[in-house]
Every structure is written in C-alpha cells, then in structure tokens.
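Enquirer:
2 protein chains.
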Amino acid sequence: MPQLLHEEDNPPSDDSNIIFFSRICKALSHPARIKIIKHLKSIDQCICGRIVDMLPLAQSTVSQHLKCLKEAGLIKGAVEGQRICYCLNNDVLERFKKMVGSL
Amino acid sequence: MPQLLHEEDNPPSDDSNIIFFSRICKALSHPARIKIIKHLKSIDQCICGRIVDMLPLAQSTVSQHLKCLKEAGLIKGAVEGQRICYCLNNDVLERFKKMVGSL
DNA sequence: ATCGTTTATCGTAAATAAACGATATAAGGA
DNA sequence: TCCTTATATCGTTTATTTACGATAAACGAT
C-alpha cells in the first residue's frame, strides 16, 4: 500500500525551520513591531486604533507593520464590527521561542 | 556628593532594550546568517574560509554577512596569521535569548 | 622581492523595506 | 440614504539590503 503523504507527517526539514525562523526574525527586526508584540502580550488583545495611538507613526504605516506581523504568523486579527481586534498567535510565538532556545 | 554616572549603573531602558532586540533580530533575519550561527554553535569556532565553503554564496557576500553578525555583536573574529577565526559571542546570544523568553 | 592565499572593502545593480498622504472599503449611526 | 469612523490598500519617495565581480590589504612561503 502506497504511503499517503500528509504535511503533518513530515517533520519540517532543517532548512524550512531556518526559513521559518528567519521570517519571524525579520518580522521582529523593527522596533515598532516589537512594541506591538509586547503590547499585545501585556493586554492580551487590542483594537487596531489603540495600537495606532501607541506609536508615533501614521495610521497607514502602522497598518503596514500589522500586516507584516500577520504575514509572519505572529498575530491574528479578528473583525469586530467596524474594528479589528488583534491578538498574539501563541503557537507561532512558542515555536519561535523553542528555536531561539536551541541557538 | 554628586552621584557619578557610569553606564553600568543605569539599567538599559525599555527602549534601548527594544533597539538591541530589533538589531539582533535583523541580524538573524537572513537564512545564511542563521546557518552561520548554527554552524559556529556546533563546532565552537571556525575559519572564515570554511564558512564560505559551507554556503552557496560568493566570498564577498559571505564576508558581508559576517560583518553584519559582527556588528550586531553576535560573533567575534580573531586574526590568526593570514586567517580570521570566528566564534559566537555568548554574552550577546544569552541576553537575546532572555529577551525572547520574556516575549 | 614576488607570488599565492585569505579576507575585507568598493562599486554597482536589483530587490525589498519604511514612511507618508490619498484613497478605497466596510460597518454603524443619524 | 448619507455621514462618520475604522482599517486596509495604493502610489510614491527614500533608504537599506542582497548579491556579485573586481580590487585591496595582509600574511606566509619561495
């Protein structure tokens, strides 16, 4: 019987781990984005507008940073009526921490 | 008696911690540089030329990546006659790991 | 003194990132 | 329906990154 290939069956290769890791690092390579992560950590979740208020940057710039974090998988955004509520994606954060630990 | 100000006396501000952290992340935001770090971790120290051999990149490009890691403080290079011997800077690496832990 | 080896730096081209204002979109309230 | 609010996206400018080949600098060996 031929073996079925499911993504979950194959542990990520060393190389794809490194790619994952470098992507997270890139997402965290800007002070504004680190501040966003720390803020979300401290208050659990946050409306986009509060994040804009927190940072000395234009709304469009903050939106760009949020997109960057979202694309890296570090945060998730949930629509709440008119607003977007952001929170950390702890799975990704934990995977990242583990990999840093093994540095 | 006026208090003398030594750098070491002032714990780094939140902000300068964030700057430090973002710099390290930027240094680790490229797969080649992560490979260099992992390699140095696994063999403790390494002549520049071996690192060049390890990576599918031109010598000048690798030299640039090494410079980037050195400027971030992650590695140190020691002249050994004609060659340069690179090794990790564990102090910086440990400080980074601690900060990741507190994410 | 010259030659080969090793590494760093320079110059440059192409790609990506960061910032902004302007504009689009979507939801809620009048 | 129209207006306001909240957020995302577009278009643009400027700066930075990545990669390379060519060249320079330092050293050891001949």
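From first to last, the protein sequence lines are chains A and B. Note that the first sequence ends on residue 103 in my numbering; no numbers are left out. Note that the second sequence ends on residue 1103 in my numbering; no numbers are left out. Every residue, glycine too, gets a C-beta built ideally from N, C-alpha and C.
#1: Going residue by residue through the region 33-63 of chain A, where are the continuous alpha helix (DSSP H) segments of at least 4 residues, counting only ones entirely within it?
#2: With a Cβ-Cβ cutoff of 7 Å, do B/ILE1036 and B/CYS1085 count as a contact?
#3: Measuring CB to CB, does B/LEU1028 end up less than 7 Å from B/LEU1088?
#4: Enumerate in chain order the residues of its own chain whose CB-to-CB distance from B/MET1099 is below 6 Å, with the five nearest sequence positions on each side excluded.
#5: Name the two residues that bound the continuous beta strand (DSSP E) containing A/GLY77.
#6: Using a beta-carbon distance cut-off of less than 7 Å, what residues from the region 1010-1023 of chain B approach chain A?
#7: For the beta strand (DSSP E) containing A/LEU88, name the first residue and the last one.
#8: Would you kindly report the start and end of the unbroken alpha helix (DSSP H) that includes B/SER1029?
#9: Please state if the CB of A/HIS65 and the CB of A/ARG33 are separated by a distance shorter than 7 Å.
#10: Please classify B/ILE1018 as buried or exposed, where buried requires at least 16 other C-beta atoms within 10 Å of its C-beta.
#11: Suppose you measure from the CA of A/GLY73 to the CA of A/LYS26; what does that come to, to the nearest Å?
Expert: Answer, in terms of the structure:
#1: 48-54
#2: no
#3: no
#4: PHE1021
#5: 75-80
#6: ILE1018, ILE1019, PHE1021 and SER1022
#7: 83-88
#8: Premise fails: B/SER1029 is in no alpha helix (DSSP H) and is neither H nor E.
#9: yes
#10: buried
#11: 12 Å
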